[in-house]
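>
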Amino acid sequence: MCVVCGCGEPGQSAVAPARAHAAALEAPVHSHAGLDYGAGPARVSVPGMSPQRVIKLEADVLGENNCVAQHNRRHFESHGVTALNLLSSPGSGKTSLLCATIAALRKRAPAMEVAVIEGDQQTSFDADRIRATGAQAIQVNTGKGCHLDALMVRDAFARLALHTGSHSHHHSHHHSHERDHAHARSLLFIENVGNLVCPAMWDLGEAAKVVILSVTEGEDKPLKYADMFAAAKVMVLSKIDLLPHLHFDVGRCVAYARRVNPHIEVLQLSASTGQGMKEWLAWVLHGTQQAGIASHDGARACRP
Amino acid sequence: MHEMSLAGSILQLVEDAAARESFRHVAALRIEAGRLAGVETQALRFALDALAPGTCLEGATIDIAERAAIGRCAACEREVEIEQRALPCPLCGSFQVEATSGTELRVVDMLVEG
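So the protein sequences, as listed, match chains A and B.
For the first sequence, counting from 1, position 77 maps to 77 in the numbering used here; every step adds exactly one.
For the second sequence, counting from 1, position 19 maps to 1019 in the numbering used here; every step adds exactly one.
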């Protein structure tokens, strides 16, 4: 019996499922009795209406962003750029930490070039503050957007004169990254839009995500915003100079973070008093070298 | 606003496929959202409905299936199904479960015509 339209002699073997599926998609169905226009998905023939077919895509929705991110990642690596993605709620102290970091780096690693990509919905306040410290900054305004994406970072980075390196750079950014360029190392801080939710899932091509949690925020944040803390390599507890005035349980906060991400590193500091800055700088300068860069499958072409 | 961005990516994927496979219209679209993908399926559906008019997605039946997430418990070394992050391992009770799948948002396939 023909599975699709039920016609045929009893005892005949049924049409194989794959063929029946294909038959259902194409109108009309050819059976021994003639053409069956009633067996197609529309149950009728409509002149001009073409047959349907299934297209298997199996495509990751964030695939395009991740593809650009992977290109960013390779570009950074081959040019000696350590890119760090700073994430937090609004007001946790990302910009203050960056300003203090830039000042401290000037003393500790004066040859290290530092640049910042600033993400905010509006204004250039943060980029202005960074530039006041003497480092390069470029402001990306996302408008209604709630996170930076890989394309924004790619375009912003192209506008920074970071890779002056040990030889001149007249070639375009589409050159092969296989050759060792022997670049001087430089630091790129990406200060993401203040948001503990969305930026967790948008790969920018960074070496590591750094989540900053201030002690005025409540120690249960790692459980409430689990995706973010799972994605981060390190949690920086900021504003620790305020601890005497708060009921913040540092131990519990760290335990919560480790529940969500057993491998997360934890640093505690105060950008205003300088406490903990030495350890933070050590991590910035060396910590990401231990952080393995997960390699994605093959370099496919992203849209230009 | 976040699901709007994802809906835009999905539409882009579909339009690229339309150019590549030469079809004009999508009759049905199947999407799979891992439980840990951070996607609110209702919001995604709303965003896709908002974007569809005037595109090859207009009038398409959109099916968004939720897929369970799998995690590996470092303590008892077994694979478990996980509903959300930071829950204890259902088998041994430890808090060392790490997600190994269920974090993706995928377009699986689509029924096209034209």
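We treat Cβ as the ideally placed atom computed from N, Cα and C, and that holds for glycine.
Note that this is a predicted model, so its numbers are computed, not measured.
Please classify M277(A): does DSSP put it in a helix, a strand, or coil?
In this structure, M277(A) counts as helix in the three-state DSSP scheme.
> Strictly under 8 Å for the Cβ-Cβ distance: is E1066(B) near chain A by that measure?
No, E1066(B) lies away from the interface with chain A (no Cβ there is under 8 Å from its Cβ).
> Let me see if you follow: with CB-CB separation under 8 Å, is R1045(B) close to chain A or not?
False, the Cβ-Cβ gap to chain A never drops below 8 Å.
> Please confirm whether C302(A) has its beta-carbon closer than 8 Å to some beta-carbon of chain B.
Output row for C302(A): interface = no.
> For I264(A), name the three-state secondary structure that DSSP assigns.
Coil at I264(A), not helix or strand.
> Let me know if A255(A) comes out buried or exposed under the rule of 16 or more other beta-carbons within 10 Å of its beta-carbon.
With fewer than 16 other Cβ atoms within 10 Å, it is exposed.
> Is there a Cβ from chain A that is less than 8 Å from the Cβ of V1108(B)?
Chain A, which has a Cβ nearer than 8 Å to the Cβ of V1108(B), makes this yes.
> What is the DSSP secondary structure of A208(A), reduced to helix, strand or coil?
Strand at A208(A).
> Within the same chain, show all residues whose beta-carbon is closer than 6 Å to that of V1092(B), passing over the 5 residues directly before and after it, in chain order.
Reading off the sequence shown, one finds Cys at residue 1092(B), where the question assumed Val. Cβ within range, chain order: A1075 and C1076.
> In its own chain, which residues sit with a C-beta less than 7 Å from the C-beta of L1011(B), not counting the 5 before and 5 after it?
Once the five neighbours on either side are set aside, the close Cβ partners of L1011(B) are L1051, T1055 and L1057.
> Closest Cβ-Cβ distance between E1113(B) and chain A: below 8 Å?
By this cut-off, E1113(B) is an interface position.
> Is the CB of C253(A) under 8 Å away from at least one CB in chain B?
No, no contact with chain B.
> For E1113(B), which beta-bridge partners are listed by DSSP?
DSSP, once it has assigned bridges, lists Q52(A) and H1025(B) as partnering E1113(B).
> So, are the CB atoms of I1064(B) and A1099(B) less than 8 Å apart?
No, they are not a contact pair.
> Could you round the C-beta distance between V327(A) and N72(A) to whole angstroms and report it? I think they count as a contact, below 8 Å.
Residue 327(A) is absent from the structure shown; chain A starts at 1 and stops at 304.
> Please state whether DSSP places R185(A) in a helix, a strand or coil.
The answer is coil: DSSP assigns R185(A) none of H, G, I, E or B.
> Consider the Cβ of A1057(B): report whether some Cβ of chain A lies at a distance smaller than 8 Å.
The sequence as given places Leu at residue 1057(B); Ala does not occur at that position. Answer no: the Cβ-Cβ gap between L1057(B) and chain A never drops below 8 Å.
> Short of 6 Å in beta carbon distance, which residues of its chain neighbour H170(A), apart from the five on each side in sequence? Order them along the chain.
With a pLDDT of only 47 at H170(A), under the threshold of 50, the placement of this residue in the model should not be trusted, and no figure is reported.
> Is there at least one Cβ from chain A nearer than 8 Å to S1009(B)'s Cβ?
At least one chain A Cβ lies under 8 Å of S1009(B).
> Should F189(A) go down as buried or exposed, given a rule of 16 or more other Cβ atoms within 10 Å for buried?
Buried, since its Cβ has 16 or more Cβ neighbours within 10 Å.
> Answer yes or no: do L945(B) and V1107(B) have a C-beta to C-beta separation smaller than 8 Å?
This structure cannot settle anything about residue 945(B), because the visible part of chain B is limited to 1001 through 1114.
> Helix, strand or coil: how does DSSP classify L1013(B) here?
It is helical.
> Starting from the beta carbon of Q1096(B), find every residue of chain A whose beta carbon is closer than 9 Å, and list them in chain order.
Neighbours of Q1096(B) on chain A, chain order: R258, R259 and P262.
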